[in-house]
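Here's the structure, in structure tokens; my notes come after.
Number of protein chains: 2
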Amino acid sequence: MTLEVRIEGATHFVGADVGTWRIVRNDPVRGEPLRHADRLVVVEPGSRVRAAATWILRGVPSYERYVRRAEQRELLARSPELGRLHATSAALIPISKSTAWWRLAQDERREIFEERSRHIATGLKYLPAVARRLYHGRDLGEPFDFLTWFEFAPQDAVAFEELVAMLRETEEWAFVEREIDIRLTKA
Amino acid sequence: MTLEVRIEGATHFVGADVGTWRIVRNDPVRGEPLRHADRLVVVEPGSRVRAAATWILRGVPSYERYVRRAEQRELLARSPELGRLHATSAALIPISKSTAWWRLAQDERREIFEERSRHIATGLKYLPAVARRLYHGRDLGEPFDFLTWFEFAPQDAVAFEELVAMLRETEEWAFVEREIDIRLTKA
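First to last, the protein sequences are chains A and B. 597 is the number that our numbering gives the last residue of the first sequence; the numbers go up by one with no jumps. 597 is the number that our numbering gives the last residue of the second sequence; the numbers go up by one with no jumps.
Dropping the structure here:
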């Protein structure tokens, strides 16, 4: 479909024929795959895009669900901005979690997420090399609960693989029902 | 505006000329008021509505942000279904919280919400008399972060006033920037 929409509220990740990011891999890790697209364009709220879109994934940055004060302070201190010139590699990892996960109480989810899976601590180890931004899609009725966007220099690709592999080994990841691993390079 | 939309994902609370609930009060508690409407129609996802709408507020039930396991168990055990025949009184209370609230870490918000403001404990005291359902609008880019819907019998109106007054006295409520108090009776 050719798309011309004014984008409001959410950030739109558009798999298309044009875009600043070239899609070099698009692998279904778990569940249904995502159709092939050559390029990705990231469209921020309030802007417009005209593209032949294969898919559109939406998410909002939102507020933090599990991060405690001390962790928040450390994350803020160590997180770089997106768009660094040397960060010409990127990844978009859309995931959805199971109903069992979403029925857990807040303290049970936190316990699995951080005390047992070290999600925040693991991410921190790769800062500032691997910049990261989380977008929430669940309340929007999107097919993916979360879209995580990563940016890093090509020489940090090995570190990034390590980070992704560690997270996939965790107890938290047992609740992931669908996951796509999209890798990109700046076009 | 006359509206005919297929409703998807979110529950829509439509201030209109028709609807099963008659609006008997529509008071701005804090911030900008909401325009006058005679009736309210609650439109669930997947259905259609045709109405002269004055306003439309959207929200999704979503998952729990602060509730711990023991609290969740107690809430589930004591919460009645909506739509009880004797519950002919209702309230819709849309609120938005400040940027300062949303920038707090998860543990800081929980601390204010429950340890210091007793939001869950207070609500529990009025169960099962006052049935309650929370809808989230923040990630949807809605004007209100939350829409809370309450249903109760007319003879429980005094108890309901008590509950609302207690919450408004809390530290949590200092973060509320906009609040509307809409009261309804079954038409």
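Backbone N, C-alpha and C fix where the C-beta goes; we use that ideal spot for every residue, glycine too. Predicted model only: the values in this text are computed from it and were never measured.
Practice item. Compare the C-alpha of glutamate 454 (chain B) against each of B:Ala575, B:Pro443, B:Leu467 and B:Val434 and name the closest. Key: B:Leu467
**Study point:** Alpha-carbon to alpha-carbon, leucine 544 (chain B) and isoleucine 503 (chain B)
**Key:** 10 Å
Check your understanding: Taking the alpha carbon of valine 470 (chain A) as the point to measure from, which residue in A:Asp437, A:Phe423 and A:Val428 has its own alpha carbon closest?
Key -> A:Phe423
Practice item. State yes or no: is the beta carbon of leucine 550 (chain A) nearer than 9 Å to at least one beta carbon in chain D? Key: Within the model displayed, chain D is absent; protein chains A and B are what it includes.
Practice item. Please confirm if serine 472 (chain A) has its CB atom under 9 Å from at least one CB of chain B. Key: yes
Review point. Does arginine 520 (chain B) come within less than 9 Å of chain A when only Cβ atoms are used?
Key: yes
**Study point:** Residue nearest to glutamate 442 (chain A) in terms of C-alpha spacing, selected from A:Pro553, A:Asp427, A:Leu485 and A:Trp511
**Key:** A:Pro553
Check your understanding: Does valine 415 (chain A) come within less than 9 Å of chain B when only Cβ atoms are used?
Key -> Reliability fails at valine 415 (chain A), whose pLDDT of 46 lies under 50, so the model's placement of it is uncertain and the value that follows must be treated cautiously. Chain B contact via Cβ: absent.
Practice item. To the nearest angstrom, report how far apart phenylalanine 562 (chain A) and glycine 456 (chain B) are at their CA atoms. Key: Going by the C-alpha atoms only, they are around 42 Å apart.
Check your understanding: For lysine 596 (chain A), is the classification buried or exposed, using 16 other Cβ atoms within 10 angstroms of its Cβ as the cut-off for buried?
Key -> exposed
Practice item. Mind checking the stretch 475-509 of chain A against chain B and listing, in chain order, the residues whose C-beta falls within less than 9 Å of any C-beta there? Key: Arg475, Tyr476, Val477, Arg478, Arg479, Ala480, Glu481, Gln482 and Arg483
Practice item. Determine the chain A residues that contact histidine 546 (chain B) at a beta-carbon separation under 8 Å, and present them in chain order. Key: Asp549
Check your understanding: List, in order along the chain, the chain B residues whose C-beta lies closer than 7 Å to that of tryptophan 512 (chain A)?
Key -> Tyr473
Point to revise | Cβ shell of threonine 498 (chain A) (< 8 Å), same chain only, five flanking positions each side left out | key: Non-local beta-carbon contacts of threonine 498 (chain A) in its own chain, meaning distances under 8 Å to residues more than five positions away in sequence, involve Ala563, Pro564, Thr595 and Lys596 in chain order.
Review point. For arginine 494 (chain A), does the three-state DSSP call read helix, strand or coil?
Key: coil
Point to revise | Where leucine 446 (chain A) falls, given that 16 or more other Cβ within 10 Å makes a residue buried | key: Checking the displayed sequence, the identity of residue 446 (chain A) turns out to be histidine instead of leucine. It is exposed - the Cβ of histidine 446 (chain A) has fewer than 16 other Cβ atoms within 10 Å.
Point to revise | Which residues DSSP lists as bridging glutamate 589 (chain A), in chain order | key: A:Arg440 and A:Ile505
Exercise for review: Answer with buried or exposed for serine 527 (chain A), where buried requires no fewer than 16 other C-beta atoms within 10 angstroms of its C-beta.
Suggested key: buried
Point to revise | arginine 478 (chain A) in three-state terms, based on DSSP | key: Arginine 478 (chain A) carries a coil assignment under DSSP once its states are collapsed to helix, strand and coil.
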